[in-house]
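Worksheet: one structure, shown below.
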Amino acid sequence: MTATLPADLFCPRVSTRPHGPELSRIVAGMWRMGEWGMSAEQRVAFIEQCIALGVTSFDHADIYGNYGVEGLFGEALRLQPSLRDRIELISKCGIKLVSAQRPQHSIQHYDTSAAHIVASVEQSLRQLHTDRLDLLLIHRPDPLMEFDEIAAAFAALRQAGKVRHFGVSNFSRHQFESLNRRIELATNQVEFSPLHTTPMFDQTFDGLQDLDVAPMIWSPLAGGRLFASSDDNADHLRLVIKGIADALNQPFASVVFAWIMQLPCRPVPLTGTGRIEAIAVAVAGTRFTLSRGDWFAILRAARGHEVA
4 MTATLPADLF
14 CPRVSTRPHG
24 PELSRIVAGM
34 WRMGEWGMSA
44 EQRVAFIEQC
54 IALGVTSFDH
64 ADIYGNYGVE
74 GLFGEALRLQ
84 PSLRDRIELI
94 SKCGIKLVSA
104 QRPQHSIQHY
114 DTSAAHIVAS
124 VEQSLRQLHT
134 DRLDLLLIHR
144 PDPLMEFDEI
154 AAAFAALRQA
164 GKVRHFGVSN
174 FSRHQFESLN
184 RRIELATNQV
194 EFSPLHTTPM
204 FDQTFDGLQD
214 LDVAPMIWSP
224 LAGGRLFASS
234 DDNADHLRLV
244 IKGIADALNQ
254 PFASVVFAWI
264 MQLPCRPVPL
274 TGTGRIEAIA
284 VAVAGTRFTL
294 SRGDWFAILR
304 AARGHEVA
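Quick note: the numbering used here has the sequence shown finishing at residue 311, numbered continuously throughout.
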C-alpha cells in the first residue's frame, strides 16, 4: 500500500529546554551531503525546500565529509545569504580525524580542550559563511575532558556572540548532568531507533526528561537497516512496522519517526537524506500518534520479548 502525504504538511517546532533553542521537530542531518552530488545551486534549492516543509534546523559537524560538508553548505549560504536568518545551524566538535585536510593529525583522537573548541567554532563559522552557530555540541565524551574547561570555553563563546546554545552528543546521563551543572545544556544527541533502544533503558532518556531537556536522535532508521537488513530480528520488526503502517495508511518511515517522537522526553530526530520526499515522510510522522498497543507491538518486536 502506498500512503499519500497531506498537501499541507508542515513541521512543528520544539524548544529543547526552557529558555533553550527552538528547533524544527525534524532536523535535516548533513553528514552525507558530500555524497549527494549537488551543485551549489541545488544545495540552495534543497535548503529552500526544507524550509518550505518547516524543517529549518540543519545538523553539521566539523569532521563531516572529511572536513568538507560545512564548506559545501556554506557555499549555498554565500550564494543566498538571506537563508541564514531563516534557519538554525547546529555543529559539533571534539573529534580529530586523520585526514589530508588535517596533516598535523597523526592519530584519530578526541580533543575537548578550550583551545580546540574555540578554534573549531571559528573554523566552522568561516566554512559556513556565518557569524554564529545556534547550537554547538561536543561530539563524543572525551576520557581527558575537563568539565570546568569545557564550560568556560562555552561561556566565552556565548559572550563573544559566536554560539547561542550548547549541548553534547553520545554522553551518558552522568556525563551530561556533570557538565550541565556547570553550564546549561540544551540537548544530548544520541543514537536511537527500534533497532537500538539502549537510551530508553540506561537512564539517558529518563535523566533528560527529569531536566526537561529534549534529546536529538541520530540514526532513527538504524542507518537503513530497518529497510534492508537480513537479520532475523530486523526482518520481523520490519513486518510488524509495515503491518501498522498499512493499517494506518501511513508511510513505513513515518511510523518509525512517530514511534520515536511519542516518547515523553520529546526526541528530535535527524534525517540523513538529500531527498526532499524522504524528509517529508519524516515530517509526516509528527502528524499522528500510535495507540499504546501499536507502540508496544513495535517495542516487543524490537526487543524480541514481551514486557514483564
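Glycine included, each C-beta is placed from N, C-alpha and C at the ideal position.
Because the structure is a prediction, the values reported are computed rather than measured.
>> Quick check on His168: buried or exposed, where buried means 16 or more other Cβ atoms within 10 Å of its Cβ?
In response: The residue in question, His168, is buried, as its Cβ has 16 or more Cβ neighbours within 10 Å.
> Name the DSSP beta bridge partners of His221, please?
Replying inline: Note that residue 221 corresponds to Trp in the displayed sequence, not to His. Paired residues: Glu194.
>> Applying the 10 Å Cβ sphere with the 16-neighbour rule, what's the burial state of Lys95?
In response: Buried, by the Cβ-count rule.
>> According to DSSP, simplified to helix, strand and coil, what is Ile93?
In response: It is a strand residue.
> Per DSSP, Phe169 is paired with what?
Replying inline: Note: Phe169 sits in a beta bridge opposite Leu139.
> Count the other CB atoms within 10 Å of the CB of Thr133; is the residue buried (16 or more) or exposed (fewer)?
Replying inline: Counting of Cβ neighbours within 10 angstroms places Thr133 among the buried residues, the total reaching 16 or more.
> Based on the DSSP output, what are the partners of Phe313 in its beta bridges?
Replying inline: The question about residue 313 has no answer, for the chain in this structure spans 4 to 311.
>> Can you look up Val259 in the DSSP assignment and give me helix, strand or coil?
In response: Here Val259 sits in helix by DSSP.
>> Measuring only the C-alpha atoms, how far is Ala79 from Glu187?
In response: Rounded to the nearest angstrom, the two C-alpha atoms are 32 Å apart.
> Do Val271 and Ile301 have their C-beta atoms closer together than 9 Å?
Replying inline: With a cutoff of 9 Å on beta-carbon distance, Val271 and Ile301 are scored as not near each other.
> If you check the beta carbons only, do Ile120 and Ile98 fall under 9 Å apart?
Replying inline: No, these two residues do not count as a Cβ contact at 9 Å.
>> Taking the alpha carbon of Val54 as the reference point, which residue from Trp262, Ser116, Phe150, Leu12 has its own alpha carbon closest?
In response: The question names Val, but residue 54 is Ile in the sequence shown. For the residues Trp262, Ser116, Phe150, Leu12, the minimum Cα distance to Ile54 belongs to Leu12.
>> So, at 7 Å on beta carbons, what are the nonlocal neighbours of Ser123 in its own chain, with the 5 sequence-adjacent residues on each side left out?
In response: Closer than 7 Å at Cβ, skipping near neighbours: Asp65, Cys96.
> Would the beta-carbon of Val243 fall within 9 Å of that of Ala304?
Replying inline: In this structure, Ala304 lies closer than 9 Å to Val243 by Cβ.
> Got a sec? Which residues, its chain only, sit under 8 Å from Gly3 by beta carbon, not counting five neighbours each side?
Replying inline: In the structure as shown, the chain starts at 4 and stops at 311, and residue 3 therefore has no counterpart that could be examined.
>> So for Arg228, helix, strand or coil by DSSP?
In response: Collapsing the DSSP output to three states places Arg228 in a helix.
> In its own chain, which residues sit with a C-beta less than 7 Å from the C-beta of Ala43, not counting the 5 before and 5 after it?
Replying inline: The residues are Glu78, Ala79, Leu82.
>> Tell me which residue opens and which closes the alpha helix (DSSP H) that Thr289 is part of.
In response: Premise fails: Thr289 is in no alpha helix (DSSP H) and is neither H nor E.
>> With a threshold of 6 Å on Cβ separation, who are the neighbours of Asn6 within its own chain once the five nearest residues in sequence on each side are excluded?
In response: One detail in the question is off: residue 6 reads as Ala in this sequence, not Asn. Around Ala6: Asn252, Gln253, Pro254.
> Which residue's Cα is closest to the Cα of Leu140: Gly37, Leu131, Ala154?
Replying inline: When Gly37, Leu131, Ala154 are compared, the shortest CA-CA separation from Leu140 is found for Ala154.
>> Quick check: what's the CA-CA separation for Met148 versus Asp114?
In response: Going by the C-alpha atoms only, they are around 8 Å apart.
> Using the beta-carbon count (16 or more within 10 Å), is Val30 buried or exposed?
Replying inline: That one is buried.
> What first and last residue would you give for the beta strand (DSSP E) that runs through Thr133?
Replying inline: No beta strand (DSSP E) contains Thr133, which DSSP labels as neither H nor E.
> If Thr289 sits next to Arg28, beta carbons under 8 Å apart, how far is it from one beta carbon to the other, in whole angstroms?
Replying inline: Going by Cβ atoms, the distance from Thr289 to Arg28 rounds to 5 Å, so yes, they are a contact pair.
>> Which residue marks the beginning of the alpha helix (DSSP H) containing Val17, and which one marks its end?
In response: Run containing Val17: none in the alpha helix (DSSP H); it sits in the beta strand (DSSP E), 16-18.
> Roughly how many angstroms lie between the CA atoms of Met41 and Val310, to the nearest whole one?
Replying inline: Taking the straight line joining both Cα atoms gives about 46 Å.
>> Restricting to Cα atoms, I'd like to know which of His63, Trp262, Leu75 is closest to Leu138.
In response: Of the listed residues, the one whose Cα sits closest to Leu138 is His63.
>> Since Gly37 and Gly68 should fall inside the 8 Å C-beta cutoff, what is the C-beta to C-beta distance between them, to a whole number of angstroms?
In response: Going by Cβ atoms, the distance from Gly37 to Gly68 rounds to 3 Å, so yes, they are a contact pair.
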